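Peer 1: Numbering (my numbering), first residue to last: 770 to 1271.
Note that CB positions come from ideal geometry on N, CA and C, so glycine has one too.
Predicted model, so just to flag it, every value in this text is computed and none were measured.
First, the structure itself, so that you have it in front of you.
The following block contains the structure:
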């Protein structure tokens, strides 16, 4: 008992240092942001990850320390982590629709996975089990409410030749959803959802990260968070990144990267791109600058000091992570498409990043809001006429074509990932139909009232995971009326053909 207290004391000291360090990676937060951040930071997981990246062998090897506090009202006898790389083990399990397999693996399939070598707690090695993409760690004694524990995990990974979130292509290594991340424990218990082939099958709490990556010196690392140190070690560089409160940490490595950076409202924005894509790489920087500025003014300030846009071998298009977005290189030859994708992924920094949600059970909450926010950007930056054109060309008309070609009524917006069989269906329903419904809601209650609702929704849920009920609460608060039935039954559960909102 005495030894356990001593080690928990050491963990508490580490926590204090990490929380103190965290504030160095925020940009002058508002009083509200700082208050919310302090409340969350004292209880959130803290990850310290140290890895060697070997692009020749397509491997990552390292250790992860994670300090976990039991914030529940029950004792925890086991902890669960997602091991997303294991979804890439076999062709049957790979998280891509079969119709897109050739695009995901243009150079052929070979497996990717993560191997957990050892898990150690405060008193020594712990028992653990791995089943597909889930790691269960059995604690040697129950973790009581408000107690915390430090675990050390040793692991190796094989990177697959996948043009997806985790994998490598001709130019980049996309290293996302790559480390053991603590599963969310909520009112339903531990969330142990699989890595679905359609949608973004992720659900995580915010944490604090310090990530050290040893890589061959010819490689450049684009990552979420701020680069706190970079030093040479023979033929390698050791990159150290630290974050504020974020719900994930991802990075992209490339030996051909060039960069362009600029500041906007205290945020350093960097675009990583290939030499041959320089014209569009610099355009991506300008689009990101405009998006960060607009959303900071319209919703709430972007609270971090850095934001990175990285071109990557990513066939799906774009993918959001905190402080970092991956943009498929296929867009670096069309300024209009590139801007749309960069702006959409930047909006995710607010809807998914700062205000989280269960993307498996309620994916509409971030995707529909982000698509709606993309239209807002065009309306406000370029004018209503341009915004209307974007809305029609990218959202309404494609959805109407989908609806008319379906031959049946579409399903509702409010449904989990497991009920979507194709990306086409998911895009049409969650992105487009969801955004159309939000435009209709905006038209019904007024643009300024809806903006007020979204700002309230943000303030109440920053650094948390919000639900549909939280969204409705915000609308009701802003309008002084009860929109519950309308939002649930006329919007989210409605399957009838839609009319175009103004």
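Classify residue 804 as helix, strand or coil using the three-state DSSP reduction.
Peer 2: Of the three classes helix, strand and coil, the one that applies to residue 804 here is helix, per DSSP.
Peer 1: So which of 1006, 1237, 1190 has the shortest CA-CA distance to residue 1120?
Peer 2: 1237
Peer 1: Using three-state DSSP, classify residue 1068 as helix, strand or coil.
Peer 2: Taken through DSSP and simplified to helix, strand or coil, residue 1068 comes out as coil.
Peer 1: Taking the straight line between their C-alpha atoms, what separation do you get for residue 1258 and residue 861?
Peer 2: 37 Å
Peer 1: Please list, in chain order, all residues of the same chain as residue 1031 whose beta carbon is under 7 Å from its beta carbon, the five residues on each side excluded.
Peer 2: Setting aside the 5 residues that flank it on each side, residue 1031 is surrounded in the same chain by 1038, 1054, 1058, each with a C-beta closer than 7 Å to its C-beta; the list follows chain order.
Peer 1: Around the Cβ of residue 1197, are there at least 16 other Cβ atoms within 10 angstroms (buried) or fewer (exposed)?
Peer 2: buried
Peer 1: Can you say whether residue 854 is buried or exposed, counting buried as having 16 or more other CB atoms within 10 angstroms of its CB?
Peer 2: buried
Peer 1: What is the DSSP secondary structure of residue 901, reduced to helix, strand or coil?
Peer 2: coil
Peer 1: On the three-state DSSP scale, how would you describe residue 824?
Peer 2: Coil at residue 824, not helix or strand.
Peer 1: Can the beta-carbon of residue 1203 be found closer than 8 Å to that of residue 1247?
Peer 2: no
Peer 1: Quick one: give me the first and last residue of the beta strand (DSSP E) that residue 1088 is part of.
Peer 2: 1087-1090
Peer 1: Distance check for residue 1254 and residue 1187, CA to CA, integer angstroms please.
Peer 2: The alpha-carbon separation between residue 1187 and residue 1254 amounts to approximately 25 Å.
Peer 1: I'd like to know whether the C-beta of residue 1151 is nearer than 8 Å to at least one C-beta of chain B.
Peer 2: The question asks about chain B, but that chain is absent: this structure has only one protein chain.
Peer 1: In angstroms with no decimal places, state the Cα-to-Cα distance between residue 1226 and residue 1051.
Peer 2: 34 Å
Peer 1: When you compare each of 1139, 1035, 811 to residue 1088 by their alpha carbons, which one comes out closest?
Peer 2: 1139
Peer 1: Determine which residues share a DSSP beta bridge with residue 851 and list them.
Peer 2: 903, 950
Peer 1: If you reduce the DSSP assignment to three classes, tell me which class residue 1257 lands in.
Peer 2: helix
Peer 1: For residue 1200, I'd like the list of residues in its chain whose CB is within less than 7 Å of its CB, leaving aside the five on either flank, ordered along the chain.
Peer 2: Non-local C-beta neighbours of residue 1200 in its own chain, meaning closer than 7 Å and more than five positions away in sequence, comprise 1136, 1137, 1140, ordered along the chain.
Peer 1: To the nearest angstrom, how far is it from the Cα of residue 1074 to the Cα of residue 1092?
Peer 2: 9 Å
Peer 1: Would you mind giving the Cβ-Cβ distance between residue 866 and residue 1192, rounded to the nearest angstrom? I have them listed as a contact below 8 Å.
Peer 2: 6 Å
Peer 1: Between residue 1111 and residue 888, what straight-line distance do the alpha-carbon atoms span, to the nearest angstrom?
Peer 2: 39 Å
Peer 1: Which complete beta strand (DSSP E) runs does the region 863-941 hold, if anything under 3 residues is left out?
Peer 2: 882-890, 896-900, 903-912, 917-927, 935-937
Peer 1: At what residues does the alpha helix (DSSP H) containing residue 1167 begin and finish?
Peer 2: 1166-1175
Peer 1: Around the Cβ of residue 1265, are there at least 16 other Cβ atoms within 10 angstroms (buried) or fewer (exposed)?
Peer 2: exposed
Peer 1: Could you tell me the alpha carbon to alpha carbon distance between residue 1211 and residue 1148, rounded to whole angstroms?
Peer 2: 14 Å
Peer 1: Do you know offhand how far residue 806's Cα is from residue 1232's?
Peer 2: C-alpha separation (whole angstroms): 7 Å.
Peer 1: When we look at the beta-carbon of residue 907 and count the other beta-carbons within 10 Å, is it buried (16 or more) or exposed?
Peer 2: exposed
Peer 1: So is residue 791 buried or exposed if we call it buried at 16+ other beta carbons inside 10 Å?
Peer 2: For residue 791, the predicted model reports a pLDDT of 46, less than 50, meaning its position is unreliable; a value from the coordinates is still stated below. Buried.
Peer 1: Given residue 988, which residues of its chain have a CB within under 6 Å of its CB, disregarding the five upstream and five downstream residues?
Peer 2: 1022, 1024
Peer 1: Between the region 844-853 and the region 938-953, are three or more C-beta pairs nearer than 8 Å?
Peer 2: yes
Peer 1: Is residue 1204 helix, strand or coil by DSSP?
Peer 2: helix
Peer 1: With residue 1085 and residue 933 assumed to form a contact (beta carbons below 8 Å), what rounded beta-carbon distance in angstroms separates them?
Peer 2: Residue 1085 to residue 933, Cβ: 7 Å. Contact.
Peer 1: Please report how far the alpha carbon of residue 958 lies from the alpha carbon of residue 841, in whole angstroms.
Peer 2: Distance between residue 958 and residue 841, taken at the CA atoms: about 10 Å.
Peer 1: Once DSSP output is grouped into helix, strand and coil, what is the label at residue 967?
Peer 2: Here residue 967 sits in coil by DSSP.
Peer 1: When the distance is taken between beta carbons, is residue 1108 closer than 8 Å to residue 1056?
Peer 2: yes
Peer 1: Would you identify the three-state DSSP class for residue 1212, choosing helix, strand or coil?
Peer 2: helix
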